[in-house]
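Shown next, in structure tokens, is the structure this report addresses.
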Amino acid sequence: MIIHIDTDISPQYKIAQIDQDGNSLSPNQLIENVKDKFKHLLDPEFYQRYGERIIFAIAVHSIECWLLPLYCEENEKSAIDSCFDKLAEAINKEPEKLKIIKLDKKSKYYQKISLPYSRNEILLNHYSLNPSFKIFIEELQARNISISD
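Sequential numbering from 247 applies to the sequence shown in this note's numbering.
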């Protein structure tokens with residue numbers, strides 16, 4: 247079972263995005279905090295029984311950040327803030343190629359813009375450019391879950 251969460255909603259669950267000194271948590275720290283919170287929100291008996299089968303796909307701060315390596319300039323590929331806006335801007339530079347006039351949070355657009363990741367070579371060449379996507383893919387690899395075409 248894969249549970250996907252964007253950390254931009256973490257404040258709704260009282261999960262801090264900054265430390266006591268006011269510094270932003272690293273993607274790794276934030277992901278661990280989100281995992282801990284959701285482990286406690288799940289029924290303890292359920293988690294005890296199925297916890298080894300649960301994989302958290304936690305995007306810092308939004309799923310659009312995982313798509314930046316496909317479409318953005320080098321200096322924005324690993325961004326974790328304002329990813330929807332960055333992705334929309336990058337896509338709007340090439341609307342003819344993607345046949346998307348304006349990026350909208352509709353599944354048909356996400357299916358289209360994430361399609362390149364369905365090719366193993368592209369996925370393996372790009373996932374490490376985004377910190378939280380890298381953590382997710384490495385979790386799959388650590389569990390010997392094959393990533394193939």
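Each residue gets a CB set at the ideal place from its N, CA and C atoms; glycine is no exception.
This structure is a prediction, so every number in the text was calculated from the model and none was measured.
Query, Result
"Suppose contacts are defined by Cβ-Cβ distances below 8 Å. Is I326 in contact with E385 by that definition?", "no"
"Out of curiosity, what's the CA-to-CA distance linking C311 and D289?", "30 Å"
"Considering only residues of the same chain and omitting the five flanking positions on each side of E278, which have a CB-CB separation below 6 Å?", "none"
"Name the DSSP beta bridge partners of H250, please?", "A303"
"Go to A334, then tell me how far its alpha helix (DSSP H) extends in each direction, as first and last residue.", "C329 to N338"
"Less than 8 Å between the beta carbons of A303 and H372, yes or no?", "no"
"Kindly indicate which three-state DSSP category I261 falls into: helix, strand or coil?", "coil"
"Would you check if the distance between the CB atom of P377 and the CB atom of P257 is smaller than 8 Å?", "no"
"Let me check one thing: in DSSP terms, what residues is S374 bridge-paired to?", "Per DSSP, none; premise fails for S374."
"Measure how close the beta-carbons of L375 and K323 come, nearest whole angstrom, since I'm counting them as under 8 Å.", "4 Å"
"In this structure, does DSSP put S270 in helix, strand or coil?", "strand"
"Look at the alpha carbon of W295 and the alpha carbon of V280, and state the distance between them as a whole number of angstroms.", "Here residue 295 is Arg; the residue named in the question, Trp, does not match the sequence. Between R295 and V280, the C-alpha separation is close to 20 Å."
"Kindly indicate which three-state DSSP category N321 falls into: helix, strand or coil?", "helix"
"Taking R295 as part of the alpha helix (DSSP H), name the residues at either end of that continuous run.", "P290 to Y296"
"For I309, which residues of its own chain have a beta-carbon under 7 Å away from its beta-carbon, when the five flanking residues on both sides are left out?", "D252"
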